[in-house]
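So the structure is just underneath, and the comments pick up after that.
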Amino acid sequence: MALLQRFSLILLFATLVGCGGSSGGFEETTDGSDGSTPDAITISLAISDTTVTGAAPVTVTATVMQGTTAVVARAVTFSSGLGAFSPTSGTALTNDSGVAEITLTAGSVRGAAEISATISSGESSTIPLGFTTQGDDIGVVDDINVSVTLVDSDGNPTDTITSSKPGKAIATVNGINAPLIVTFSSTVGDLPITTAITDDNNQAYIDIFSGNTLGAGSITATLPTGESGQVLLVVGATSLKMGGVSPFIEKQAEVSLAQISAGGTSVISVSILDDENNLFTESVDINFTSGCSSLETPTATLSTPITTSNGIATSTYLAKGCVGNDPISVTANAGGINLSATATLNVLPADVGSIEFVSATPELIAIQGTGSADKPESSTLLFRVLDTNGNPVNNQDVDFILNTDVGGINLIPESATTNSQGIVQTVVNSGTVSRTVRVTASISDSAPVISTQSSELIISTGIPDQDSFSISADILNPEAWDLDGTEVVVTARLADAFNNPPPPTVVFFTTEGGSIDSANSSCTTNTDGACSVIWRSQFPKPDGHVIGDVNNVNHVPELVNSMGQKFGGRATILATTIGEESFPDLNGNGRFDVCEVVAFTGGTGKPCNPDGSINTSGADITYTGNDVSGRAFDLAETFVDYNEDGIFNPGVTGGELGGELETPSDFNRNGVHDGKDGKYNGALCAIPAHDGCSTQQSLDVRGSLVLVMSGSDAFGVINSTNDAVSGTIDDDNDPNTPEIVNPNDDPSDDTVYIAGENTGFASVIISDLHNQPMPAGSIVSFEASVGSIVGPSSFTWNNHNKNGGSGFGVAIKGAQEPASGVLLISVETPNGAETILSGVNIVIQ
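According to our numbering, the residues represented by the sequence shown are 534 to 1378, in order.
Structure, rendered in structure tokens:
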């Protein structure tokens, strides 16, 4: 009960021992069989506070026990000379713990009294429980509840009030015997007085008026103790109508200007009257719409919604491309009553100001006969016509023309009419040749001519071709032999036969060593025709000859690797996608003609005529069968070339060692590696086709590169020592005898001899364990223990994948005093591995 509050019980107990009589079913013997006297029933009383006030009622409890057993579900009757019990019956039922609980309020008489309790079997409390009361009870006699009703001015129940028919809210409070203040609130309507006192019938009244807001809401009546009740109501109007302002014509909105020019404005007005034809002064939201303002791209605007002021609402109409009659609709809901009015406004057409190109979708279309779902053979071009105010022009005729129709390029339609957004479209269909084309759009019968041109539309195959396939890596010699997890970005770039980027195309990667970190080892090209994957160092790592091992005891780092196959640490990466072969377009018509077959396969042939036939009277020409990059036009099936010899070793003789594990891509799934077929595999064969064209128009176009999985340990050898001493010496101090060759002036030894402060030179060759480049970015540093380095003393290893080590050299300046020492060489990799090399001696004479 909201009026009553719980308090901690003050353990004030009065214990009564019941005297005789039946215990109502609790008189069993102690052991249930020997007929001995049962345990007596006792009632213990407790009170939460011995001082009771109107603001702070207390809780009284009675605990009923038979021995150590709780007496459950027994009615306990409480009595007292002062105060009042809630519930007023003064009774409560014991719970599972034998406890009955009741609330004691202050009552209306101040003083002190005692509480007692009894049960139906006759046991009662003779030891009273005393308390004092202030006698300031607020009149609670029972559990309080509040109910609220709404009546009209005649006292009849209602749920709606209006400006002419106010209502009265009645709050009936049950469970009190003294007046209470009731506070009223409402979410709608107007309450001039918000509080009232209950009368003899425990009811409080207040008046409610409609106010300025229509709609549904509620009235809430709340007591000081927190109890509340609620009733729903509607603030509306009994009879309303909508129309113009002056004069008022029901359901017809008033238009200040019935006809306006393009870009002009007009004011739309409505008023709302009640059943006595007076302006309805309560606020109502009015919605204004029109045909042109409701379009997906509006060609007119209306201010909306507008709230009435003294029963009138006005909206401004602005023409922004709308032409002709525009129907206007005005609607409102006034307290549940739907109101509407209509009007029509005429907008005069504007003068055309301009036409602009909007879009071409797609911008690249396939040559006729080569299209697919993702490479259509047509493109939709959109243009927009605007008036002199910059608004779209509807129903305007536009003419289209191509700047070239070579190869059968055409557009449909050649004329079209703009829609309400000023948009007009035409469709360009590709021809049989690759071209770039533009469309000129002109306003029909305009003088001077108003026109614009589309962006460039590309007609191409969109099919990747072989001579446009490129593959690259950001690091060609990563530190990857001794380290796992080194990453390299590998990028493939594609274009079609006319060097235009193809639509998004999936490129697949296969690697001899390491791994490709990407879904399905693939990537999809972007609008530039490129995509990338991450190569990561890990096993497998291609093995091969190692400097100084049992098979290469005498091998040292070389600029050109002579250790032979297998070349260790060199991993081939192959990238492929479905495409077509390239061909030599000798006559520039974009088609593979019969006169180009010899140039495609290689051999001696005749020149081409413009129509693709063979010029039999021309001089013989010898063709290599290779494209401008030196790669063959006619392709065999691709494979990962483990030993870089260009031969599929398991199927062809004459290859180098190390290719035994090569596997073909087997594009046609026939189980073998197919060589060149001597025919053009592609979509651009001449029309009609000839014997030089294959019926298989697709194959794997490909690109490959070699990553050097460089080791972290450096190996070095002296390449040369250039001494700075005289070439001859006097060996016998006899000026009459010839001098002999200075034995110290030997570029093949390991010592740099320097006379005084002259400058000598030493060079070394450095590689990793496989005689391959050290990792890109490694730092090679030189330090002389005597004399000094002249010029650069450190070098950064280049990014390359050549098969061999690299040479480095420094100039060493001598000193005034003779001395001897060494030239120290340090090689530090990007990962911090450092190797110190020595072996070059320095002698200053």
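Think of the CB as a built atom: it goes at the ideal place given N, C-alpha and C, for glycine as much as any other residue.
If we count the other Cβ atoms within 10 Å of its Cβ and call it buried at 16 or more, is glutamine 1305 buried or exposed?
In the sequence shown, residue 1305 corresponds to position 772, counting from 1. Counting Cβ neighbours within 10 Å, glutamine 1305 comes out buried, since at least 16 surround it.
Buried versus exposed call for arginine 1124 [16 or more other C-beta atoms within 10 Å across all chains shown]
The count along the sequence shown starts at 1 and reaches residue 1124 at position 591. Buried, by the Cβ-count rule.
Segment limits, beta strand (DSSP E) that includes threonine 913:
Residue 913 sits at position 380 when you count from the first residue of the sequence shown. 911-920 is the span of the beta strand (DSSP E), which, as asked, contains threonine 913.
Name the one or two DSSP bridge partners that isoleucine 1312 has.
Looking up residue 1312 in the sequence shown gives position 779. In the DSSP assignment, isoleucine 1312 is bridged to Thr1329, Glu1361.
Give the range of the beta strand (DSSP E) segment to which threonine 753 is assigned.
As a working note, residue 753 is residue 220 in the sequence shown. DSSP places threonine 753 in the uninterrupted beta strand (DSSP E) bounded by 748-755.
Return the first residue and the last residue of the alpha helix (DSSP H) that alanine 1132 is part of.
Numbered from 1 along the sequence shown, position 599 holds the residue referred to as residue 1132. Looking at the DSSP string, the run of the alpha helix (DSSP H) that includes alanine 1132 is 1130-1134.
Please go through the same chain and pick out, in chain order, the residues whose beta-carbon is closer than 6 Å to the beta-carbon of cysteine 1218, but skip the five residues on each side of it.
Looking up residue 1218 in the sequence shown gives position 685. The residues are Phe1125, Cys1226.
In the structure shown, what three-state DSSP assignment does aspartate 740 receive?
Numbered from 1 along the sequence shown, position 207 holds the residue referred to as residue 740. Per DSSP, reduced to three states, the secondary structure at aspartate 740 is strand.
Threonine 584 versus aspartate 692 - alpha carbon distance
Translated into positions along the sequence shown, residue 584 becomes position 51. Translated into positions along the sequence shown, residue 692 becomes position 159. Near 46 Å, if we compare the C-alpha coordinates of aspartate 692 and threonine 584.
Can you tell me which of Asp1283, Val684, Gly1236 puts its alpha carbon nearest to the alpha carbon of valine 767?
Counted from its first residue, the sequence shown places residue 767 at position 234. When only C-alpha atoms are compared, the closest one is Val684.
Just verifying my parser: in three-state terms, what is the DSSP assignment at aspartate 1384?
Given a span of 534 to 1378 for the chain in the structure shown, any question on residue 1384 remains unanswerable.
Could you give the first and the last residue of the continuous beta strand (DSSP E) run that contains tyrosine 850?
Counting from 1 along the sequence shown, the entry for residue 850 is found at position 317. In the DSSP assignment, tyrosine 850 falls within the unbroken beta strand (DSSP E) covering 845-852.
With a cut-off of 8 Å on the beta carbons, I'd call arginine 1069 and glycine 1047 a contact; round off their distance for me.
Translated into positions along the sequence shown, residue 1069 becomes position 536. Translated into positions along the sequence shown, residue 1047 becomes position 514. The beta-carbon distance between arginine 1069 and glycine 1047, rounded to whole angstroms, is 6 Å. This is short enough to meet the 8 Å contact definition.
Counting C-beta neighbours from all protein chains within 10 Å, is the total for threonine 731 16 or more, i.e. buried, or is it exposed?
One-based indexing of the sequence shown puts residue 731 at position 198. With 16 or more other Cβ atoms within 10 Å, it is buried.
By Cβ distance below 6 Å, which residues in the same chain neighbour asparagine 820 in space, the five residues on each side in sequence not counted?
By one-based count along the sequence shown, residue 820 stands at place 287. Closer than 6 Å at Cβ, skipping near neighbours: Thr837, Pro838, Thr864.
Buried or exposed: where does histidine 1333 fall if 16 or more other Cβ atoms within 10 Å of its Cβ makes it buried?
Within the sequence shown, residue 1333 is the residue found at index 800, counting from 1. That one is exposed.
Can you name, in chain order, every residue of its own chain whose Cβ lies under 6 Å from the Cβ of valine 957, other than the five neighbours on each side?
Numbered from 1 along the sequence shown, position 424 holds the residue referred to as residue 957. Counting only residues of its own chain and dropping the five nearest sequence neighbours on each side, valine 957 has a CB closer than 6 Å to the CB of Phe916, Val931, Ala949, Thr951.
Cutoff 7 Å; reference glycine 1365; Cβ partners in own chain excluding five residues on either side:
Taking the sequence shown and counting its residues from 1, the one referred to as residue 1365 is at position 832. Cβ neighbours of glycine 1365 beyond the five flanking positions: none.
Buried or exposed for leucine 1370, please, with buried defined as at least 16 other CB atoms from any protein chain shown within 10 angstroms of its CB.
Here residue 1370 refers to the residue found at position 837 of the sequence shown. It is buried - the Cβ of leucine 1370 has at least 16 other Cβ atoms within 10 Å.
Quick check on the burial criterion: 16 or more other C-beta atoms within 10 angstroms. Buried or exposed for glycine 631?
Here residue 631 is taken as the residue at index 98 of the sequence shown, counted from 1. The residue in question, glycine 631, is buried, as its Cβ has 16 or more Cβ neighbours within 10 Å.
Locate the beta strand (DSSP E) running through glutamine 599, then write down its first and last residues.
Position 66 of the sequence shown, counted from the first residue, corresponds to residue 599. For glutamine 599, the uninterrupted beta strand (DSSP E) segment begins and ends at 591-599.
Determine whether the beta carbon atoms of isoleucine 652 and valine 593 lie at a separation below 8 Å.
Translated into positions along the sequence shown, residue 652 becomes position 119. Translated into positions along the sequence shown, residue 593 becomes position 60. Going by beta carbons, isoleucine 652 and valine 593 fall outside the 8 Å limit.
What's the call for alanine 588, buried or exposed, on a 16-neighbour Cβ count within 10 Å?
On the sequence shown, position 55 is the one that residue 588 refers to. It is exposed - the Cβ of alanine 588 has fewer than 16 other Cβ atoms within 10 Å.
Sorted by chain position, which residues of the same chain lie with C-beta nearer than 7 Å to aspartate 1076's C-beta, five sequence neighbours on each side aside?
The sequence position of residue 1076 within the sequence shown is 543, counting from 1. Contacts found: Lys1099, Gly1101.
Considering only residues of the same chain and omitting the five flanking positions on each side of leucine 1092, which have a CB-CB separation below 8 Å?
Within the sequence shown, residue 1092 is the residue found at index 559, counting from 1. Here leucine 1092 has Ile1298, Gly1337, Gly1338, Ser1339, Gly1340 as same chain residues with Cβ atoms under 8 Å from its own Cβ, once five neighbours each way along the sequence are excluded.
With threonine 864 as the anchor, note down where its beta strand (DSSP E) starts and where it stops.
In the sequence shown, counting from the first residue as 1, residue 864 sits at position 331. It spans 857-867 - the beta strand (DSSP E) in which threonine 864 sits, taken as one unbroken run.
Neighbourhood of leucine 1302 by C-beta distance below 7 Å, restricted to the same chain and skipping five residues each side
In the sequence shown, residue 1302 corresponds to position 769, counting from 1. For leucine 1302, same chain residues with a beta-carbon under 7 Å away, outside a window of 5 residues either side, are Val1079, Ile1080, Gly1244, Asp1246, Phe1248 in chain order.
Sufficient close CB pairs (3 or more, under 8 Å) joining the region 782-801 to the region 724-744:
No, they do not touch.
Mark serine 993 as exposed unless 16 or more other C-beta atoms lie within 10 angstroms of its C-beta, in which case mark it buried.
Residue mapping note: residue 993 aligns to position 460 of the sequence shown, counting from 1. Buried: at least 16 other Cβ atoms inside 10 Å.
Report all residues from its chain with a CB closer than 8 Å to the CB of glutamine 901; omit the five preceding and five following residues, and keep chain order.
Position 368 of the sequence shown, counting from 1, holds the residue named residue 901. Around glutamine 901: Glu910, Gly940, Gly941, Asn962, Ser963, Gly964, Thr965.
Alpha carbon to alpha carbon, how far is glycine 616 from asparagine 843?
Within the sequence shown, the letter at position 83 stands for residue 616. Within the sequence shown, the letter at position 310 stands for residue 843. Glycine 616 and asparagine 843 have their alpha carbons spaced roughly 59 Å apart.
Determine the burial state of glutamate 815: buried for a count of at least 16 other Cβ atoms within 10 Å of its Cβ, exposed for fewer.
Translated into the one-based positions of the sequence shown, residue 815 becomes position 282. Counting the other CB atoms within 10 Å of its CB gives glutamate 815 a total of 16 or more, which places it among the buried residues.
Taking only the alpha-carbon atoms, compute the straight-line gap between proline 1073 and asparagine 1053 and give it to the nearest angstrom.
Against the sequence shown, residue 1073 aligns to sequence position 540. Against the sequence shown, residue 1053 aligns to sequence position 520. Taking the straight line from one Cα to the other gives about 18 Å.
Grab me the residues of glutamine 1378's own chain with a C-beta within less than 6 Å of its C-beta, minus the 5 sequence neighbours each way, in chain order.
Indexing the sequence shown from 1 puts residue 1378 at position 845. Excluding sequence neighbours, glutamine 1378 sits near Ala1288, Pro1351.
To which residues of the same chain is asparagine 1142 closer than 6 Å at the C-beta, ignoring the five residues directly before and after it?
By 1-based counting over the sequence shown, the position of residue 1142 is 609. Close CB contacts of asparagine 1142 within its chain, under the 6 Å cut and outside five residues either way in sequence, are with Asn1148 (chain order).
Check serine 658 in the structure and name its three-state DSSP category.
Taking the first residue of the sequence shown as 1, we reach residue 658 at position 125. It is coil, neither helix nor strand.
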